[in-house]
Each structure stands twice: as C-alpha cells, then as structure tokens.
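Taken in sequence, the protein lines are chains A and B. Just so you know, the first sequence maps onto residues 637 to 783 in my numbering. Just so you know, the second sequence maps onto residues 967 to 1143 in my numbering. What follows is a single structure, written as structure tokens, with notes after it.
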Amino acid sequence: MKLPFAIFALVAFPNRPLRERVAYAALVFALVLTLSYAFGGAPYLQAVLQRGMREHMQAFSLSQVLVFGIAAVAVLALLYALVTQRTVRGLSYAMIELGFSTPWSWYYAWGFPYAALDAWSIETMLVAFPLASALLDRSYAWGLRHF
Amino acid sequence: MSPFGAARRSNHWVAPAVVLAFAALALAFAFGTRLDDAATFSQPGQHAAPGVAPRSIGFSLRESLALQYPLREPWLAPPHGAHIVRIALGIGETAALAIVALLLRRTAPRALAFGAAGVAAAALAAIALAARTLGSGDVYAYVAYARLGLRGSYAPTAMALPPAYAAVAHVWGSPGS
C-alpha cells in the first residue's frame, strides 16, 4: 500500500537538467513498480488500485472532496517542482493528503522533501511542527466516525 | 533600538536566550506527554463515544489497559479537554522554536546554541521514550511481525482476511479468496 509514495522521488534530483530529472524520476517509479510486482505480483498492484477506489470513492461527501482536492494540489505541486525546480510556498502542507485519507500526525513529515527545496519553507514547517502535530493527533479525533 | 538590532553589536545574551527557549520547549513537551498518558488512563470506554465506530481489529478499553503501553483511541473517548491543552502546548512549543529561529537568523550561531539544540533533541527523544501510553497500536503489529520472523510473518493464514486484503488472500489462497 506504500507504492504511491514513490511520488516523493519527483523532487529528489534538483540542480540537474530537466531531461535528467525526468529520467531519474521515471527510473525510480519503474524500480518501485518492478520490485512491487516481483514481491507482490499483479494482485498486489491491483489491490493498491482497487482498495483506493473502493475506500475513497464509496460516497460523495465534503470530506472526500477536501481530501481529493488537497491531494490533487499536492500532486500538481510535485509535478510543477519536477518541471520548473520551483516550489510554491505553503503547498508543502498539502503533502499530508498524499495518502488520500484522513492523515495521521506523522504524515506532516511528508512535506519535508518538498519544503527542503526552499530554506524559508523548511524552516517554517519545522517551527510549526509541534502545533501541527497536536492539531493532527487522531487519537483524540473529535467525532471521527470511521477510518 | 530594538533588541534584535542591539544583538548585532552585542549578542552575548542570544545564546542563553536560545538555551532557555529550548528548555521551555522540552518542559512543554514533557508536560504534554504526561497529559497524553493521563488522558489515556482516564478514557471511559466505547460506551461514552456514541456514533464512533471501532475498527474491525480495535482494542476494547479492558484490552487496552492490559497492554504494557495502553492505547489512546477515538472510540475509547479520550477527554477533549486534554486535546485542547495539547494544542495550547503546541502553540507554546511553536512559539519557542520561532524565537530560536529568529535569534539564530539575526546573529551568528554559537557553539552553545547548537549544543543546546543537540541536548534538547536528545531530551525530547528520552521524554518520548519514557511515555507510558501510545496514540497508535501499530507498534504492537511491528513487534509481532518481528517476533514471528521473516518466515512466520509471510506465512499464509488459515483464517479469512478482511476485504481490504483481497490481494493477499488471493496470493495465499486463503479462505474466501
């Protein structure tokens, strides 16, 4: 189920020509898919897709719209960083929704690779870590009905 | 002249200020960890959390308290007041880090400031490891897999798996696959 997180590789190769960045990112994705297929087989890859579709597309709700909307913004931000080597300040906080689900507090760290491309972003993200962790603590989840 | 302006000419007070900020951060974190422990032990249980559906493999209050490190889970109804205090502590901790960041940005870092940061990081790790409760039961699953060993962890099971694990059931030939 962690296969989709290979998307973090999109920002792992800065200061290189675009063609090299795209090639390295594609290589990482190919390696992840190959190893996943080798260890889990086609049923694993199918399960990643089917479970995501089944669990997150069952019912239309405001929370689902927010989750998918923020996740889509995060994916676009990563693609933008891959192509332009630029980041948009503030979008590192959208990375917590790359799991397309209600986030756990440690998902906050998913934004660090993207934020690290900009000194201001990583500094503010680290400073805000304690408050974000407290706000995202699901063990106290207010009115959480299912997950 | 503002304090940050004076710092450029005479910054002998910056390092002690950074040390104090880190100390405040560690104290707030320690208090928050103890608060989490108290909230976990004061959970009334599932009957006090109407409308909150437990996970299919969730722990009951009795099972949670029987663990070496009891769990704090939404369906066991941990007190909301504790979470509010945790958020307030988070604001304070973030403020302490913001002060450190501002001070270190306006003056050359000193060995004492970096040393204080290292000590604070070690203290935070020690405080976290000294906690008596957990906010997630995942660590028990990881320990279980480790104790089963590589062969045991991936050995097929004779029981039917939940629908989310259909891929695993298909590979193992588990009942219901």
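Each residue gets a CB set at the ideal place from its N, CA and C atoms; glycine is no exception.
Secondary structure at L993(B), three-state DSSP: helix, strand or coil?
-> Indexing the second sequence from 1 puts residue 993(B) at position 27. Helix.
For L1127(B), three-class secondary structure by DSSP | Counting from 1 along the second sequence, the entry for residue 1127(B) is found at position 161. Coil at L1127(B), not helix or strand.
What do you get for A1048(B), buried or exposed, if any count of 16 or more other CB atoms within 10 angstroms of its CB means buried?
-> In the second sequence, counting from the first residue as 1, residue 1048(B) sits at position 82. Buried: at least 16 other Cβ atoms inside 10 Å.
Thinking C-beta only, is A1043(B) closer than 8 Å to P1010(B)?
-> Your numbering for residue 1010(B) matches position 44 in the second sequence. Your numbering for residue 1043(B) matches position 77 in the second sequence. In contact: P1010(B) and A1043(B) (Cβ atoms closer than 8 Å).
Measuring only between beta-carbons, confirm whether P1075(B) sits less than 8 Å from chain A.
-> As a first step, residue 1075(B) must be located in the second sequence, where it is residue number 109. Taking Cβ atoms only, chain A never reaches closer than 8 Å to P1075(B), which makes this a no.
Can you find a CB in chain A that lies within less than 8 Å of the CB of P1128(B)?
-> Mapped onto the second sequence, residue 1128(B) falls at position 162. Closer than 8 Å: no.
Assign L734(A) to one of three DSSP states: helix, strand, or coil.
-> For the purposes of this step, residue 734(A) is taken as residue 98 along the first sequence, with counting starting at 1. Coil.
Partners in chain A for E1039(B), counting only beta-carbon separations shorter than 7 Å | For the purposes of this step, residue 1039(B) is taken as the residue at position 73 of the second sequence. Residues of chain A passing the Cβ test: S775.
According to DSSP, which residues form a beta bridge with L1037(B)?
-> As a first step, residue 1037(B) is located in the second sequence; it is residue number 71 there, counting from the start. According to DSSP, which records beta bridges pairwise, L1037(B) is partnered with L1100(B).
CA-to-CA distance, V1066(B) to R1072(B), given in whole angstroms | Position 106 of the second sequence, counting from 1, holds the residue named residue 1072(B). Position 100 of the second sequence, counting from 1, holds the residue named residue 1066(B). Looking at the two C-alpha atoms, the distance is approximately 10 Å.
My guess is that R774(A) and W740(A) are in contact by the Cβ rule of under 8 Å, so how many angstroms apart are they, rounded?
-> The count along the first sequence starts at 1 and reaches residue 774(A) at position 138. The count along the first sequence starts at 1 and reaches residue 740(A) at position 104. Their Cβ separation, rounded to whole angstroms, is 6 Å, which keeps R774(A) and W740(A) in contact under 8 Å.
Nearest-angstrom Cα distance between P659(A) and F649(A)?
-> As a position in the first sequence, residue 659(A) is number 23, starting the count at 1. As a position in the first sequence, residue 649(A) is number 13, starting the count at 1. The sequence shown places Ala at residue 659(A), not Pro. Cα to Cα, the separation comes out at about 10 Å.
For the segment 1056-1075 of chain B, which residues have a beta carbon sitting closer than 7 Å to at least one beta carbon of chain A?
-> G1056, I1057, E1059, T1060, L1063, A1064, A1067
Where does I796(A) land, buried or exposed, given buried means 16+ other C-beta within 10 angstroms?
-> There is no way to answer for residue 796(A), as the model of chain A reaches only from 637 to 783.
Mapping DSSP to helix, strand and coil, what is R1000(B)?
-> The sequence position of residue 1000(B) within the second sequence is 34, counting from 1. R1000(B): helix per DSSP, three-state reduction.
Can we say the segment 697-704 of chain A touches the segment 715-723 of chain A, given the rule of at least three CB pairs closer than 8 Å?
-> no
Which listed residue (I1053(B), V1137(B), E1029(B)) has its alpha carbon closest to that of P1122(B) | Within the second sequence, the letter at position 156 stands for residue 1122(B). Closest option to P1122(B), Cα to Cα, is V1137(B).
Using 8 Å as the threshold, is the segment 1088-1098 of chain B in touch with the segment 989-1004 of chain B, meaning 3 or more CB pairs across them?
-> yes
Exposed unless 16 or more other CB atoms sit within 10 angstroms - verdict on W979(B) | Stepping through the second sequence from its first residue, residue 979(B) is reached at position 13. Answer is exposed; the Cβ neighbour count stays below 16.
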